[in-house]
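Chains as they are written, first to last, in the numbering used here: chain E, 1 to 128; chain L, 129 to 256.
2 protein chains.
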Amino acid sequence: MNIGDAAARTGLPPKTIRYYEEIGLIRPARGNSGYRDFSDADVHKLAFLGRARALGFSIEDCRTLLGLYEDESRSSADVKRLARSHLAQIEDKIAALQSMRATLSHLVDACAGDERPDCPILRDLAEG
Amino acid sequence: MNIGDAAARTGLPPKTIRYYEEIGLIRPARGNSGYRDFSDADVHKLAFLGRARALGFSIEDCRTLLGLYEDESRSSADVKRLARSHLAQIEDKIAALQSMRATLSHLVDACAGDERPDCPILRDLAEG
DNA sequence: CTTGACCTTCCAGCAACTGGAAGCCCTATC
DNA sequence: GATAGGGCTTCCAGTTGCTGGAAGGTCAAG
Numbered sequence: 001m002n003i004g005d006a007a008a009r010t011g012l013p014p015k016t017i018r019y020y021e022e023i024g025l026i027r028p029a030r031g032n033s034g035y036r037d038f039s040d041a042d043v044h045k046l047a048f049l050g051r052a053r054a055l056g057f058s059i060e061d062c063r064t065l066l067g068l069y070e071d072e073s074r075s076s077a078d079v080k081r082l083a084r085s086h087l088a089q090i091e092d093k094i095a096a097l098q099s100m101r102a103t104l105s106h107l108v109d110a111c112a113g114d115e116r117p118d119c120p121i122l123r124d125l126a127e128g
Numbered sequence: 129m130n131i132g133d134a135a136a137r138t139g140l141p142p143k144t145i146r147y148y149e150e151i152g153l154i155r156p157a158r159g160n161s162g163y164r165d166f167s168d169a170d171v172h173k174l175a176f177l178g179r180a181r182a183l184g185f186s187i188e189d190c191r192t193l194l195g196l197y198e199d200e201s202r203s204s205a206d207v208k209r210l211a212r213s214h215l216a217q218i219e220d221k222i223a224a225l226q227s228m229r230a231t232l233s234h235l236v237d238a239c240a241g242d243e244r245p246d247c248p249i250l251r252d253l254a255e256g
């Protein structure tokens, strides 16, 4: 099938699919015309990648996950280790964002938001 | 003062400070040697930028905030609007990450993490 | 006078795409 | 058979916010 159909089935934009081929995540066949010809297995891989990306895994993690998926002799420990490390990073990010949110929402609440120049937000940024 | 001192006082790397000059956030003077010569006001601005960046504001938001800070006739409403919009983005990101965390931690918990190939994480990525 | 730390500019690269240009392919319709 | 359109191709550039490194100028100490 053509790239447009593969895109429709996976929810990934054609540009992204081409990019995934460029960096070696997939290797779709080519027809006589030069058009990519996606097999069901290609589409399956793309969907796998889309879901892994949606869970926030990096491209390199996705490459590893795909390798593990295709390796019948993998151990689930390897998968779990990768997922746990990624989970830890997500938790770090959440913590950082929550800290920003706490500070910011205090500042926003303290700001009158009227026509006067006096502003606790700017004061905080200026003074620390 | 030289860039190294400005860096030490603001906690920003020299590279970052040069970058901020390049994109027009600051305009430090230059000595005869060609070295940048940072005034206290420059350092103050850099510290302001550092704190705004630490709260997750984009560079363009920082530019706007700095402009508002230096505009004596600003209205705090403009600052508050910007901060609130940024806060909303942070909350969206937190929600997205929490959703990832929920899915991932379930999967991680369900995975035995031993030497066998059977793995709920990969199964979920493969099947959806 | 040399050494070493500091400073300068410029170029390249990171992640993961996204947009756009120039041009080929395929099908349908007139 | 010509043409119009939509989809496909490649390639290049841009995004965000720096960061690393190379090649070379400057300055203070010994």
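Built from N, CA and C at the ideal position, the CB exists for glycine as well.
query                                                                                                                                                                             : result
Taking just the CA atoms, how far does GLY56 of chain E sit from ARG229 of chain L?                                                                                               : 9 Å
Compute the beta-carbon to beta-carbon distance between ILE249 of chain L and LYS80 of chain E, rounded to the nearest angstrom, for a pair I have assumed lies under 8 Å.        : 7 Å
Spell out a yes or no on whether the region 216-225 of chain L and the region 92-101 of chain E are touching, meaning 3 or more CB-CB pairs, one atom from each, closer than 8 Å. : yes
State yes or no: is the C-beta of ILE154 of chain L within less than 8 Å of the C-beta of LEU140 of chain L?                                                                      : no
Rank E:ARG84, E:ALA126, E:ALA96, E:PRO117 by C-alpha distance to the C-alpha of ALA238 of chain L and give the top, closest one.                                                  : E:ARG84
Taking C-beta pairs closer than 7 Å, name the residues in chain L that ARG53 of chain E reaches, listed in chain order.                                                           : The premise fails here: ARG53 of chain E is roughly 10 Å from chain L at the closest Cβ pair, so nothing lies under 7 Å.
Along the region 74-101 of chain E, where does the CB come closer than 8 Å to a CB of chain L? Name the residues.                                                                 : ARG74, SER75, SER76, ALA77, VAL79, LYS80, ARG81, ALA83, ARG84, HIS86, LEU87, ILE90, GLU91, LYS93, ILE94, LEU97, GLN98, MET100, ARG101
For ASP114 of chain E, does the three-state DSSP call read helix, strand or coil?                                                                                                 : coil
To be precise: take each residue of the region 153-168 of chain L, compare its Cβ to all Cβ atoms of chain E, and keep it if any distance is under 9 Å. Which residues remain?    : none
As a quick exercise: from E:ASP118, E:ASP78, E:VAL108, pick the residue whose alpha carbon is nearest that of ALA240 of chain L.                                                  : E:ASP78
On the CB-based measure, 16 or more other CB atoms within 10 Å of its CB, does ASP252 of chain L come out buried or exposed?                                                      : buried
Got a sec: is the Cβ-Cβ distance from ARG63 of chain E to anything in chain L below 8 Å?                                                                                          : no
Return the CA-CA distance between ALA254 of chain L and SER203 of chain L, expressed in angstroms with no decimal places.                                                         : 53 Å
Rank E:GLU115, E:ARG30, E:PRO28, E:SER58 by C-alpha distance to the C-alpha of SER201 of chain L and give the top, closest one.                                                   : E:GLU115
Name the chain L residues that come within less than 9 Å of GLU115 of chain E, Cβ to Cβ?                                                                                          : SER203, SER204, ALA205
Whole angstroms are fine: how far does the CA of SER186 of chain L sit from the CA of GLY34 of chain E?                                                                           : 42 Å
Applying the 10 Å Cβ sphere with the 16-neighbour rule, what's the burial state of ALA6 of chain E?                                                                               : buried
Does the Cβ of TYR147 of chain L have 16 or more other Cβ atoms within 10 Å, making it buried, or fewer, making it exposed?                                                       : exposed
Could you please give the first and the last residue of the uninterrupted alpha helix (DSSP H) stretch that includes GLY67 of chain E?                                            : 59-70
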